[in-house]
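Q: Encoded as structure tokens, here's the structure I'll be asking about.
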Amino acid sequence: MTSRVYLVGNPNAGKTLLFNILTGQNAKVSNFPGVTIEYKTGNLKGHEIEVVDLPGIYSLTARSQDERVTTNIISQAANACRPLDRFVAIVDATQIKRGLFLVSELQEKARLDAVVLTMGDLIGNGLSAPCLEALSNRIGVPVFLISGATLCGIGELVAYLGKPMPHASTVTESLSIEARHRLVAKWLSGINLTFSKSASLSRKLDKFALHPVLGPVLLITIFGLLFEGLFVGSKPFVALIESLKTSSATFAHSFFAEHSLVGSLLADGIIGGVGAVLAFVPLIAFLFLFLGALEDTGYMARAVFLLHRLMSKVGLSGKAFVPLVSGFSCSIPAILSTRIIESRSERFASIMITPLISCSARLPIYGLLIGAAFSNVAPVFGFLEVGALVMVFMYVFGIALAFVVAAILRKTVLKGDATPLIMELPDYRMPRLRSIWVSVKTRVQVFIKEAGTVILALTIILWALFTFPLGAGLEHSYAGQFGHFIEPLIKPLGFDWRIGVSLVASFAAREVFISTFGLIYGLGQIDGGASSLWQSMTPVYTPLVALSLLVFLAVSLQCLSTLAVTRKETNSWRWPLLQLGYLNSLAWILAFAVFQGGKVLGY
Amino acid sequence: MQNLSEAPCGPQLRLISVDVPHNPHVSRLCELGFVPGALIRIVKETKAQTPMLVEINGAFMCIERSLAHSFWVREELI
Numbered sequence: 011m012t013s014r015v016y017l018v019g020n021p022n023a024g025k026t027l028l029f030n031i032l033t034g035q036n037a038k039v040s041n042f043p044g045v046t047i048e049y050k051t052g053n054l055k056g057h058e059i060e061v062v063d064l065p066g067i068y069s070l071t072a073r074s075q076d077e078r079v080t081t082n083i084i085s086q087a088a089n090a091c092r093p094l095d096r097f098v099a100i101v102d103a104t105q106i107k108r109g110l111f112l113v114s115e116l117q118e119k120a121r122l123d124a125v126v127l128t129m130g131d132l133i134g135n136g137l138s139a140p141c142l143e144a145l146s147n148r149i150g151v152p153v154f155l156i157s158g159a160t161l162c163g164i165g166e167l168v169a170y171l172g173k174p175m176p177h178a179s180t181v182t183e184s185l186s187i188e189a190r191h192r193l194v195a196k197w198l199s200g201i202n203l204t205f206s207k208s209a210s211l212s213r214k215l216d217k218f219a220l221h222p223v224l225g226p227v228l229l230i231t232i233f234g235l236l237f238e239g240l241f242v243g244s245k246p247f248v249a250l251i252e253s254l255k256t257s258s259a260t261f262a263h264s265f266f267a268e269h270s271l272v273g274s275l276l277a278d279g280i281i282g283g284v285g286a287v288l289a290f291v292p293l294i295a296f297l298f299l300f301l302g303a304l305e306d307t308g309y310m311a312r313a314v315f316l317l318h319r320l321m322s323k324v325g326l327s328g329k330a331f332v333p334l335v336s337g338f339s340c341s342i343p344a345i346l347s348t349r350i351i352e353s354r355s356e357r358f359a360s361i362m363i364t365p366l367i368s369c370s371a372r373l374p375i376y377g378l379l380i381g382a383a384f385s386n387v388a389p390v391f392g393f394l395e396v397g398a399l400v401m402v403f404m405y406v407f408g409i410a411l412a413f414v415v416a417a418i419l420r421k422t423v424l425k426g427d428a429t430p431l432i433m434e435l436p437d438y439r440m441p442r443l444r445s446i447w448v449s450v451k452t453r454v455q456v457f458i459k460e461a462g463t464v465i466l467a468l469t470i471i472l473w474a475l476f477t478f479p480l481g482a483g484l485e486h487s488y489a490g491q492f493g494h495f496i497e498p499l500i501k502p503l504g505f506d507w508r509i510g511v512s513l514v515a516s517f518a519a520r521e522v523f524i525s526t527f528g529l530i531y532g533l534g535q536i537d538g539g540a541s542s543l544w545q546s547m548t549p550v551y552t553p554l555v556a557l558s559l560l561v562f563l564a565v566s567l568q569c570l571s572t573l574a575v576t577r578k579e580t581n582s583w584r585w586p587l588l589q590l591g592y593l594n595s596l597a598w599i600l601a602f603a604v605f606q607g608g609k610v611l612g613y
Numbered sequence: 002m003q004n005l006s007e008a009p010c011g012p013q014l015r016l017i018s019v020d021v022p023h024n025p026h027v028s029r030l031c032e033l034g035f036v037p038g039a040l041i042r043i044v045k046e047t048k049a050q051t052p053m054l055v056e057i058n059g060a061f062m063c064i065e066r067s068l069a070h071s072f073w074v075r076e077e078l079i
């Protein structure tokens with residue numbers, strides 16, 4: 011029988027960081043509560059022992075779905091006859107009283123084997139070896155002091171966990187909340203903790219970050235700089251990959267005989283289609299670089315504080331900000347992370363609006379269209395790229411629309427009181443390069459893997475649909491005929507048959523929108539010597555068409571995986587169907603308004 | 002004795018009593034240390050509809066003002 015070690019502790023206590031160190035895995039770590047929403051398992055390095063990382067809890071009384079995952083596992087493990095299973099309480103040493111409150115509950119309900127005090131590098135002189143020993147004697151289990159940043163104390167802990175015979179605390183009597191706090195005070199009597207400068211520095215920084223006027227200005231500036239940096243920083247790398255793609259396609263064309271089907275498949279289909287998607291890898295890498303750094307500093311909790319008032323006006327609690335931020339990455343983990351929201355109506359409203367937050371799959375499409383339509387426009391004030399401003403607008407537009415929809419849902423089909431906010435503000439810290447690197451690497455790998463599998467397969471199918479019947483030409487190919495068939499539905503939005511085919515194809519994977527354009531421009535030879543896809547598109551699509559298309563793509567739901575996860579989380583078909591219907595109808599109406607309104611105004 | 006939601010920003014406050022401790026949100030705050038005898042300090046003066054920022058046991062917590070109504074405090078003389 012494999013023995014198991016369960017890591018239990020308060021949110022943001024350092025459980026996942028310790029789990030990564032113990033198992034060698036790369037689970038996401040951030041400096042705000044509620045990041046872990048499902049349990050994760052891995053083997054303790056060099057041992058046949060399974061380590062289980064559980065979502066954070068403050069007590070054994072669960073109030074949200076993520077907390078229920080942990081409390082259910084604790085009660086199941088307590089009832090099951092598995093003598094080798096043990097629980098290790100993870101306590102943030104800088105918040106020791108709160109962590110030990112949970113320890114007192116675990117002593118009562120679970121087989122508590124050890125207490126691990128994390129953030130040892132932030133503790134001053136208060137926790138000497140005799141103090142740890144005294145604490146261990148009072149609690150009745152070994153107490154370890156570790157630091158995830160310096161890895162101090164990890165060796166001792168691993169050696170202890172690797173021992174075959176665990177120590178098990180005795181079951182104590184059931185206590186009231188007040189009695190538990192008295193017990194914790196008794197455990198800590200004579201132990202005075204002093205902290206490093208991080209806490210006092212955080213308070214000084216918060217004077218600006220939470221200021222009623224400066225705070226929102228700082229929030230807007232930070233996110234504005236994030237997107238300006240994203241757009242400007244990735245531009246040379248995108249251009250480099252684009253030029254590599256163009257020269258590879260030219261070489262492939264010259265290598266095969268003229269009008270060779272294999273040459274066309276390789277150059278126009280695979281290199282033109284998949285290459286167009288891969289050109290946006292730098293954009294994805296920059297997004298996760300900036301978001302990872304921001305999450306790791308602890309600033310996100312300040313953003314929740316600042317936005318709570320606004321969010322409560324639309325019937326959401328500040329906690330809904332966490333899934334919305336995850337939505338910048340992908341709607342699927344964002345919808346899963348709504349489990350931290352206690353109220354059902356608030357949680358469902360958050361699920362319904364999450365697809366309106368521009369995910370990373372939309373980013374390359376924005377990059378392509380903005381590049382095509384706005385690359386020749388002079389910078390505002392001589393330094394602000396218009397493309398970057400449009401990019402910021404797209405994100406702000408998605409968020410604003412999400413708030414409007416949330417307000418409507420909370421006043422109609424999802425009525426109910428908003429959950430009051432209770433949230434800890436973690437101290438600021440320097441972003442950890444390793445966790446940012448892991449976040450960037452993971453997302454880039456996912457993106458490249460998708461480009462090499464799903465997008466490649468779809469691109470080959472689309473190439474065939476655009477190539478056959480042979481000699482018919484692009485416009486009269488099977489795909490072209492389909493595009494012309496649906497054109498009347500999308501023509502009022504300013505879209506032609508090419509966009510129609512790309513939109514339908516992108517239901518399988520959003521990035522296919524780009525590969526379809528890559529195919530169309532490769533097969534149709536429309537580029538006329540342009541070095542990038544967006545330069546080829548510039549003469550065909552006006553800024554008004556691009557804006558209408560951007561609005562449509564920002565609002566429409568074209569992701570089957572999002573629908574599947576909504577079905578799973580709401581346990582009904584009603585919500586995903588409502589999501590699909592309202593988002594796509596709204597996208598059509600708004601794109602229509604943009605295009606027709608723009609025409610009336612003379613654009 | 003005064004209500005936490007109306008207490009001044011800055012001085013140390015001693016928590017004297019808790020109303021409706023069985024309300025799940027109030028109960029969560031009790032678990033987090035908001036129990037009679039605890040020392041609290043309001044860190045940030047905020048407008049009526051914004052959450053309050055309070056310091057308790059070395060932690061800085063944002064709590065909704067509506068929840069603060071359940072706690073009664075007395076200014077601690079140093």
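Residue numbers (the working numbering), protein chains in the order written: chain A, 11 to 613; chain B, 2 to 79. Note that CB positions come from ideal geometry on N, CA and C, so glycine has one too. Keep in mind that this is a model prediction, so the values were computed, not measured.
Return helix, strand or coil for Asp-63/A, following the three-state DSSP convention.
A: Here residue 63/A refers to the residue found at position 53 of the first sequence. Of the three classes helix, strand and coil, the one that applies to Asp-63/A here is strand, per DSSP.
Q: Could you tell me the boundaries of the alpha helix (DSSP H) in which Trp-598/A lies?
A: Locating residue 598/A in the first sequence gives position 588, counting from the first residue. Residues 584–610.
Q: Identify which residue in Leu-293/A, Leu-132/A and Gln-589/A has its Cα closest to the Cα of Ile-106/A.
A: Here residue 106/A is taken as the residue at index 96 of the first sequence, counted from 1. Here the closest residue by C-alpha is Leu-132/A.
Q: Taking 8 Å as the cut-off, decide whether the C-beta atoms of Ala-289/A and Leu-276/A are in contact.
A: As a position in the first sequence, residue 289/A is number 279, starting the count at 1. As a position in the first sequence, residue 276/A is number 266, starting the count at 1. Their beta carbons are not under 8 Å apart, which means Ala-289/A does not touch Leu-276/A by this criterion.
Q: Short of 8 Å Cβ to Cβ, which residues in the stretch 409–431 of chain A face chain B?
A: Against chain B - using a Cβ distance shorter than 8 Å - the residues of the stretch 409–431 of chain A are Thr-429, Pro-430 and Leu-431.
Q: Run through chain B and tell me which residues come within less than 9 Å of Met-433/A, C-beta to C-beta.
A: Locating residue 433/A in the first sequence gives position 423, counting from the first residue. The contacting residues are Pro-52, Met-62, Cys-63 and Ile-64.
Q: Out of Trp-197/A, Phe-154/A and Lys-119/A, point me to the one whose CA is closest to Ser-184/A's CA.
A: Residue numbering aside, residue 184/A sits at position 174 when the first sequence is read from its first letter. Checked all of Trp-197/A, Phe-154/A and Lys-119/A; the closest Cα to Ser-184/A is Lys-119/A.
Q: Closer than 9 Å, Cβ to any Cβ of chain A: which residues of the stretch 14–38 of chain B, in chain order?
A: From the stretch 14–38 of chain B, only Pro-22, Pro-25, His-26, Ser-28, Arg-29, Leu-30, Cys-31, Glu-32, Leu-33, Gly-34, Val-36, Pro-37 and Gly-38 have a Cβ closer than 9 Å to chain A.
Q: Buried or exposed for Gly-538/A, please, with buried defined as at least 16 other CB atoms from any protein chain shown within 10 angstroms of its CB.
A: Taking the first sequence and counting its residues from 1, one reaches residue 538/A at position 528. Model confidence at Gly-538/A stands at a pLDDT of 43, short of 50, so the residue's coordinates are unreliable; what they give is reported in the following sentence. Exposed: under 16 other Cβ atoms inside 10 Å.
Q: Using a C-beta to C-beta distance shorter than 9 Å, which residues of chain A count as neighbours of Ser-67/B?
A: Your numbering for residue 67/B matches position 66 in the second sequence. Here the neighbours are Pro-430.
Q: Just verifying my parser: in three-state terms, what is the DSSP assignment at Thr-469/A?
A: Stepping through the first sequence from its first residue, residue 469/A is reached at position 459. In the structure shown, Thr-469/A sits in a helix (DSSP, three-state: H, G or I).
Q: What residues in its chain sit with their C-beta under 7 Å from that of Phe-384/A, if we drop five residues either side in the sequence?
A: Looking up residue 384/A in the first sequence gives position 374. The answer, listed in chain order, is Val-396, Gly-397, Val-400 and Pro-553.
Q: Please tell me whether, using a cut-off of 7 Å, the distance from the CB of Lys-55/A to the nearest non-hydrogen atom of the ligand PLP is below it.
A: You won't find the ligand PLP in this model; it holds no ligand whatsoever.
Q: Measure the C-alpha to C-alpha separation of Ile-432/A and Gln-50/B and round it to an integer number of angstroms.
A: Stepping through the first sequence from its first residue, residue 432/A is reached at position 422. Stepping through the second sequence from its first residue, residue 50/B is reached at position 49. Cα-Cα distance, rounded: 14 Å.
Q: Could you pull out every unbroken beta strand (DSSP E) segment of at least 3 residues lying fully inside the stretch 412–474 of chain A, listed in chain order?
A: Within the stretch 412–474 of chain A, the complete beta strand (DSSP E) runs of at least 3 residues are 432–434.
Q: Using only CA atoms, which one of Ser-327/A, Ile-363/A and Pro-246/A lies nearest to Leu-588/A?
A: Position 578 of the first sequence, counted from the start, is the residue given in the question as residue 588/A. Checked all of Ser-327/A, Ile-363/A and Pro-246/A; the closest Cα to Leu-588/A is Ile-363/A.
Q: Within a Cβ cutoff of 7 Å, which residues of the same chain sit near Val-565/A, ignoring the five residues on either side of it in sequence?
A: Residue numbering aside, residue 565/A sits at position 555 when the first sequence is read from its first letter. Taken in chain order, the residues that qualify are Leu-366, Leu-411, Leu-593, Leu-596, Ala-597 and Leu-600.
Q: Look at Thr-128/A and Ala-169/A and say whether their C-beta atoms are less than 8 Å apart.
A: Within the first sequence, residue 128/A is the residue found at index 118, counting from 1. Within the first sequence, residue 169/A is the residue found at index 159, counting from 1. No. Outside cutoff.
Q: Taking the straight line between their C-alpha atoms, what separation do you get for Asn-30/A and Asn-36/A?
A: Residue numbering aside, residue 30/A sits at position 20 when the first sequence is read from its first letter. Residue numbering aside, residue 36/A sits at position 26 when the first sequence is read from its first letter. About 6 Å.
Q: Can you tell me whether Val-101/A is buried or exposed? The criterion is at least 16 other CB atoms within 10 Å of its CB, across all chains shown.
A: Numbered from its first residue, the first sequence carries residue 101/A at position 91. Classification of Val-101/A: buried, given that the 10 Å Cβ count is 16 or more.
Q: Short check: CB of Phe-476/A to CB of Ala-489/A, under 8 Å?
A: Here residue 476/A corresponds to residue number 466 of the first sequence, with the count starting at 1. Here residue 489/A corresponds to residue number 479 of the first sequence, with the count starting at 1. Yes; because the gap between Cβ atoms is below 8 Å, this pair is in contact.
Q: Is Tyr-376/A helix, strand or coil by DSSP?
A: Here the question's residue 376/A lines up with position 366 in the first sequence. Helix at Tyr-376/A.
Q: Short of 6 Å in beta carbon distance, which residues of its chain neighbour Tyr-405/A, apart from the five on each side in sequence? Order them along the chain.
A: Taking the first residue of the first sequence as 1, we reach residue 405/A at position 395. Cβ within range, chain order: Ser-368.
Q: Less than 7 Å between C-beta atoms, sequence neighbours within five positions excluded: which residues of the same chain meet that for Val-604/A?
A: Along the first sequence, read from residue 1 onward, the residue named residue 604/A stands at position 594. Only Leu-557, Ser-558 and Val-561 meet the Cβ criterion.
Q: Nearest chain A C-beta to Gly-59/B closer than 8 Å, yes or no?
A: Along the second sequence, read from residue 1 onward, the residue named residue 59/B stands at position 58. Gly-59/B counts as touching chain A.
Q: At a cut of 8 Å, does the stretch 253–273 of chain A reach the stretch 313–322 of chain A through at least three beta carbon pairs?
A: Too few Cβ pairs lie closer than 8 Å, so no.
Q: Mind pulling the beta strand (DSSP E) runs of 3 or more residues that sit fully within the stretch 15–79 of chain A?
A: Taking only runs of at least 3 residues, the beta strand (DSSP E) segments lying wholly in the stretch 15–79 of chain A are 50–53 and 59–63.
Q: Would you check if the stretch 467–475 of chain A and the stretch 278–285 of chain A touch, i.e. whether three or more CB-CB distances between them fall below 8 Å?
A: Touching, yes, given that three or more Cβ pairs across the two stretches are closer than 8 Å.
Q: On the DSSP bridge list, what partners appear for Arg-42/B?
A: Taking the first residue of the second sequence as position 1, residue 42/B is located at position 41. DSSP lists Gln-13/B and Glu-56/B as partners of Arg-42/B.
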